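K.L.:
Encoded as structure tokens, here's the structure I'll be asking about.
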Amino acid sequence: MRRPLRLYALAVTAALALAGASPTAWGTPAAPATSADSAVLAAWAAPATPAAPADSAVLAASATPATVAAPAVSSAPAAAVPSAVSPAPVASRAAPPQLRVEENRFVDRAGTPRRLLGVNRSGAEFSCVQGRGIFDGPVDDASVAAIAGWGANTVRVPLNEECWLGTPNIDPRYAGAAYTSAVRDYVRRLTAHGLTPVLELHWSHGRYTGPSAGCADEHASCQKPMPDRRHSPAFWSSVAGTFKNAPEVVFDLFNEPYPDRATPDTERAWACWRDGGTCPGIGYEVAGMQTLVDAVRATGARNPVLVGGLAYANDLSRWAAYAPKDPAGNLAAAWHAYNFNACADESCWSRTVGPVADRVPLVTGEIGENTCAHAFTDRVMRWLDGRRASYLGWTWNTWDCAAGPALIRDYAGTPTAYGVGLRDHLRALNPA
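For the sequence shown, position 304 (counting from the first letter as 1) is numbered 304 according to the UniProt record's numbering, and the numbering increases by one without interruption.
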């Protein structure tokens, strides 16, 4: 989700006027941006089958990120992981399932269909690049237990490629080894509570100043229209190498592509989305979805991979025609649904999203609305339930409603007027 804080009203108005502008027109949490570029921020998950006892050991073995050809890292000594990241707890619930794609469903190792239902946990995509830390709010055992208490089985975790790779522009206290260690600890904590982690590339490198630009900064400080060839393949090589022996982890390749804003030629935008390279209207070399799938699979990782469409992942109209090839056969479609999107009613969903959901698993990685209520998300969830599809609410953060659709008032899980809709729906589907 793309979220300007100071320009919230203007961004939402523009999104509505453009009939499908960024579904992520919300601000960051409280602290003000450190520059004009950071006025716009971006962010916004998935379940599985009980893994064998050995799975916990597999996650523990993922203690060191895979080595990749990454950019130069600052020579400053790596700082300790912030105190908010405590040792991973002893598992208190059944481990999350190991998922694979079977036709248009996720199934576990026993062949039982599974859906990814839960929330997004925003923070790791923006806090590090702003020099504020690694996460936004607590990520301790109690905060994870609160998510599970809603009946969720999945948490989507937005990430920042420069923070993961440890590029020199990021404070070393929040980058490289410190960042990757914190993310690994959080993944272990999620799985200990039976929650499926969905790791997602949210903010990436590349200067873009065209239509709907989130910032003019070349660094990963806002949502860019596409991943960059300079860092994004290296990011996914490292992430996939780190978690390839943890099959309960799901990968979401890129948050909200919008190459269609850079060119009026829809077919060229879809070609850019899949193939990357030199794309019309985008001033940096793009890594297409096929390149990112290949980067993941080259590590030997067979984890499920999610790929979102155009228009901030709201447009799946040509997804099937341009979908990247996955040699592992574990590819699913990612979709985002907000009340101010171009495709925001059942007629459009049935016409453009339904055919994709008939072919591959559909994960609605972000659902939300700018009304501080839940009438729209109720409709989306009912429609997705009818398709046996997956969905994740945006977002498990305690921001004010004006800064974005926050599900909670506190990290004990007290819902907002908006969040109560998702909480009650998940509890009805997954009674304790």
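All residues carry an ideal CB built from backbone N, CA and C; glycine is no exception.
Quick caveat: nothing in here was measured; it's all calculated off a predicted structure.
By the three-class DSSP mapping on this structure, what secondary structure does T154 have?
P.N.:
Three-state result, T154: strand.
K.L.:
Excluding the 5 residues flanking W270 on each side, which residues of the same chain have their C-beta closer than 6 Å to its C-beta?
P.N.:
Answer for W270: R318 and Y322, listed in chain order.
K.L.:
For L117, which residues of its own chain have a beta-carbon under 8 Å away from its beta-carbon, when the five flanking residues on both sides are left out?
P.N.:
Closer than 8 Å at Cβ, skipping near neighbours: P47, G151, A152, N153, T154, S390, Y391, L392, L426, L429 and N430.
K.L.:
Taking 8 Å as the cut-off, decide whether the C-beta atoms of A320 and P355 are in contact.
P.N.:
It is a contact, given that the beta carbons lie within the stated cut-off.
K.L.:
For a test of the three-state rule: what should DSSP assign to A412, helix, strand or coil?
P.N.:
Residue state, collapsed to three classes: coil.
K.L.:
Got a sec? Which residues, its chain only, sit under 7 Å from D136 by beta carbon, not counting five neighbours each side?
P.N.:
Same-chain partners within the cutoff: P29, S122, G123, S127 and N397.
K.L.:
Quick check on this structure: which residue in A332, R207 and T266 has the alpha carbon closest to the alpha carbon of R302?
P.N.:
Out of A332, R207 and T266, A332 has the C-alpha closest to the C-alpha of R302.
K.L.:
Who pairs with I367 in a beta bridge, going by DSSP?
P.N.:
A337 and G393.
K.L.:
Which residue wins for smallest C-alpha separation from G421, given the options T263, P405 and F106?
P.N.:
Checking every option, the nearest Cα to that of G421 belongs to P405.
K.L.:
Is there contact here, the stretch 410–420 with the stretch 155–164, by at least three beta-carbon pairs under 8 Å?
P.N.:
No, they do not touch.
K.L.:
Is the separation between the beta-carbon of P96 and that of E248 shorter than 8 Å?
P.N.:
A contact, by the Cβ cut-off of 8 Å.
K.L.:
Taking the continuous alpha helix (DSSP H) assigned at P355, which residues delimit it?
P.N.:
Counting along the chain, the alpha helix (DSSP H) containing P355 begins and ends at G354 to A357.
K.L.:
Here's the rule: buried if 16 or more other CB atoms are within 10 angstroms of the residue's CB, otherwise exposed. What is R274?
P.N.:
Counting Cβ neighbours within 10 Å, R274 comes out buried, since at least 16 surround it.
K.L.:
Using the Cα positions of C372 and D345, report the straight-line distance between them to the nearest angstrom.
P.N.:
If you take the alpha carbons of C372 and D345, they lie about 19 Å apart.
K.L.:
Along the beta strand (DSSP E) that carries H202, what are the first and last residues, could you check?
P.N.:
Where H202 is concerned, the enclosing beta strand (DSSP E) stretches over T196 to W203.
K.L.:
Can you tell me the Cβ-Cβ gap for A313 and P257, rounded? I've got them flagged as a contact below 8 Å.
P.N.:
The Cβ separation is near 7 Å, so the contact holds.
K.L.:
Can you tell me the Cα-Cα spacing of A78 and G131, whole angstroms?
P.N.:
Legend: pLDDT at A78 = 33, less than 50; position of this residue unreliable, value from coordinates given subsequently. Cα to Cα, the separation comes out at about 14 Å.
K.L.:
For G308, report the span of its beta strand (DSSP E) as first-last.
P.N.:
Unbroken beta strand (DSSP E) run through G308: V305 to G308.
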